[in-house]
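Note that the sequence shown covers residues -17 to -1, 1 to 542 in mature numbering (1 follows the signal peptide of the UniProt record, and there is no 0). Here a beta-carbon is modelled for each residue, glycine too, at the ideal position from N, C-alpha and C. Model, not experiment: these values are computed from the prediction. In what follows, a structure is listed as structure tokens, so that the remarks can point back to it.
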Amino acid sequence: MLLRCLLLLCVSQMAYGYDRVTGAPFASRSEVIAQHGMAATSQPLATQVALDVLKRGGSAVDAAIAANAMLGLVEPTGAGVGGDLFAIVWDAKENKLVGLNASGRSPKLLTKQVFNDRGLAQIPKFGPLPVSVPGAVDGWFMLHEKFGKLPMTALLTPAIEYAKNGFPVSELVAYYLAMNNERIGHYDGFAETFLINGKVPKKGDVFKNPGLAVTYEKIATGGRDAFYKGDIAQNIDAYMKSQGGYLSYADLASHTSEWVEPVSANYRGYDVWELPPNGQGIAALQILNILERYDIEGMGFNSAEYIHTFVEAKKLAFEDRAKFYADPAFNDIPVEWLISKDYATERQQLINGAKAAERVDAGIYDGDTVYLTVADKDGNMVSLIQSNYRGMGSGMTPPGLGFVLQNRGEMFTLEEGHFNELKPEKRPFHTIIPAFVTRNGAPFLSFGVMGGGTQPQMHAQIIVNMLDFGMNLQEAGDAPRILHSGSSSPTGKLMLDGGYISLESGFDETVQRELMERGHTLRRVVGAFGGYQAIMWDDKRNVYFGASESRKDGQAAGY
């Protein structure tokens, strides 16, 4: 192992040329280490708000809610109260994991006939039709009722003050605001909410969102009903009607979130936990179950053999994802079978070590986003992910509220009989997934990676980087990533050509040539590799390690 690490270091130095004197040269910085509490988010102001809450005696969940509210303000390109939320919480008092599915459902009156009447073969990406009920606010209050210590007014006050007084826009957020303005800026309410004097905010411009401040104040004092049954809901109802949409006051008023049991697969002695569908988390478990049957360490970090094996395992998992992952209230989803070791053995036999598969079949069974993680002095940890989908969602921006509504409904299919077929009051297939790892029944790692279908692939790569290749928490996230695109999808798309691989900078050209010789198509992409945050608990020394990578504007910090 030591020799392999030294070889890895030498190869990395040649590939990257960085001048760090410790750790892998591709790491952007050292891990953050602290004793009492830790927060890692994709925006430094949100991290600082979370730390302030922890220092005031708030729980990890309190700090996560406060940070999430801040992210809805400072990173509206990925998050906001118009979107959904999922969380996994380590409850130190009960010594167990708890899961929350706070995703919303499709409107009661939105049927497939609506799309048929308009001559649409699929659900549009933007506009009023892909809008589903936003579940994030209800998720906050579900979490707060169970794990909160400080009042909700205290948790939302920092975001309210920043919304009123303004904050300087960070680099990536400025970039994505400009991109979103090009594609959804023409919708009513968007420019008034997110532009400054008609112009897209640039890096360093001070941005204010008084509408969001008022929305947060109403939520802080009036509770979740202020959002789902008060004038906020009435405003959303009226706006959606004016835009030709179907999300209504009745849809908002009837929304409920759900406590769920996380599910796990053991990888080399560590239990990796995900939430069950309607999300895609178990795809990471399926990938890891297949990879565990190989000597990944012996293959070598980012070797052609490892990349090929990883991609072929991903193809198999994503084919099941396309067929089975959907709302369990409408389908009998065989989760235990899909994440079983026996099924992984069966699927692994389909991998040809020398040739890329152009098409694979699902098993036959009989029967943009933000991620944050917080840990507190009492040992509680929360892994939370929240999103509008496609960055700023549908573009539907109700006047005066300060946020956009998500477009998660785009993830349904109109295909008759499909598990993920659009039906009224049904939760769509979801891409956002929090993750957690335990060891011998104790908390070890809370982490997540943002970015659509990237997420389960990167969950698996983080685990492999740490457990097979011996990387530390920061290195595991900063290491160059492998992304396979083009698999079959729960929206009905089929993979017929094997898809394509995208590799970040740092992969050897000989490795890329070998992959092409095995039949893989390589394609260069930028900005599609996700954003990682993580907190690890060292139970021997009683300290937290935190990591936040360079692909986002984020920060990990502790005290």
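Reduced DSSP secondary structure (H/G/I, E/B, other) of residue i
| i | result |
| --- | --- |
| S286 | coil |
| F402 | coil |
| P193 | helix |
| I179 | strand |
| G431 | strand |
| K79 | strand |
| L235 | helix |
| V246 | strand |
| E319 | helix |
| N218 | helix |
| H467 | strand |
| N84 | strand |
| Q538 | strand |
| Y354 | strand |
| M53 | helix |
| L299 | helix |
| F313 | coil |
| L(-10) | With a pLDDT of only 43 at L(-10), under 50, the local geometry of the prediction cannot be trusted, and no value is derived from it. |
| M454 | coil |
| I270 | helix |
| I446 | helix |
| G281 | helix |
| Y326 | helix |
| E14 | coil |
DSSP beta-bridge partners of residue i
| i | result |
| --- | --- |
| R422 | A425 |
| S531 | Q516 |
| I416 | Note: I416 sits in no beta bridge, so no partner. |
| P151 | V189 |
| F395 | F395 pairs with nothing; no bridge assigned. |
| A22 | V357, A540 |
| W256 | S247, F419 |
Residue i to residue j span [Cα, whole Å]
| i | j | result |
| --- | --- | --- |
| F395 | P411 | 5 angstroms |
| V189 | N163 | 19 angstroms |
| I202 | L56 | 15 angstroms |
| H467 | S485 | 6 angstroms |
| D278 | P151 | 48 angstroms |
| H503 | L333 | 17 angstroms |
| D100 | P107 | 14 angstroms |
| L112 | G228 | 6 angstroms |
| residue 545 | S470 | The structure shown has nothing for residue 545, since the chain only spans -17 to 542. |
| L195 | K147 | 9 angstroms |
| L235 | V116 | 6 angstroms |
| G102 | M223 | 21 angstroms |
| V318 | A443 | 18 angstroms |
| A7 | G66 | 37 angstroms |
| R496 | A287 | 9 angstroms |
Exposed unless 16 or more other CB atoms sit within 10 angstroms - verdict on residue i
| i | result |
| --- | --- |
| Q538 | buried |
| A52 | buried |
| Q18 | exposed |
| G510 | exposed |
| L477 | exposed |
| V420 | buried |
| S42 | buried |
| D480 | exposed |
| T493 | exposed |
| R342 | exposed |
| G350 | Below a pLDDT of 50, predicted positions are generally treated as unreliable, and G350, at 47, falls in that range; the measurement from the model is reported next regardless. Counting Cβ neighbours within 10 Å, G350 comes out exposed, since fewer than 16 surround it. |
| residue 578 | In the structure displayed, the chain extends from -17 to 542; residue 578 sits before or after that span and is not available. |
| P141 | buried |
| N390 | buried |
| G460 | buried |
| A22 | buried |
| T239 | exposed |
| N423 | exposed |
| K38 | exposed |
| residue 543 | Beyond the ends of the chain as shown, which are -17 and 542, falls residue 543; an answer cannot be given. |
| residue 567 | Outside the shown range of the chain, which is -17 to 542, sits residue 567, and nothing can be said about it. |
| G434 | buried |
| L92 | exposed |
| T292 | buried |
| K76 | exposed |
Proximity test, Cβ basis, 8 angstroms: residue i and chain C
| i | result |
| --- | --- |
| G424 | Among the chains of the structure shown, chain C does not appear; only one protein chain is present. |
Exercise. Is it true that the stretch 76 to 86 meets the stretch 379 to 389, where meeting means three or more beta-carbon pairs spaced less than 8 angstroms apart?
Worked result: Not touching, per the Cβ criterion.
For this session: Count the CB pairs spanning the stretch 441 to 461 and the stretch 230 to 248 that are closer than 8 angstroms, and state whether there are at least three.
Result: The stretch 441 to 461 makes no contact with the stretch 230 to 248; the number of CB pairs closer than 8 angstroms stays below 3.
For this session: Tell me, please, whether the stretch 185 to 199 touches the stretch 352 to 372 by the rule of three or more beta-carbon pairs shorter than 8 angstroms.
Result: Contact fails between the stretch 185 to 199 and the stretch 352 to 372, because fewer than three Cβ pairs, one in each stretch, are under 8 angstroms apart.
Problem set entry | Validate contact between the stretch 9 to 26 and the stretch 515 to 529 using beta carbons, cut 8 angstroms, 3 pairs | Touching, yes, given that three or more Cβ pairs across the two stretches are closer than 8 angstroms.
Exercise. If you pair each beta-carbon of the stretch 290 to 299 with each one of the stretch 322 to 341, do three or more pairs fall below 8 angstroms?
Worked result: Yes, since at least three Cβ pairs between the stretch 290 to 299 and the stretch 322 to 341 fall closer than 8 angstroms, the two stretches touch.
Exercise. Does the stretch 300 to 318 come close enough to the stretch 253 to 271 that 3 or more CB-CB pairs lie under 8 angstroms?
Worked result: Three or more beta-carbon pairs separated by less than 8 angstroms link the stretch 253 to 271 to the stretch 300 to 318, which places the two stretches in contact.
Exercise. Is the stretch 122 to 142 touching the stretch 404 to 418, taking contact as three or more C-beta pairs under 8 angstroms?
Worked result: Verdict: no, contact absent.
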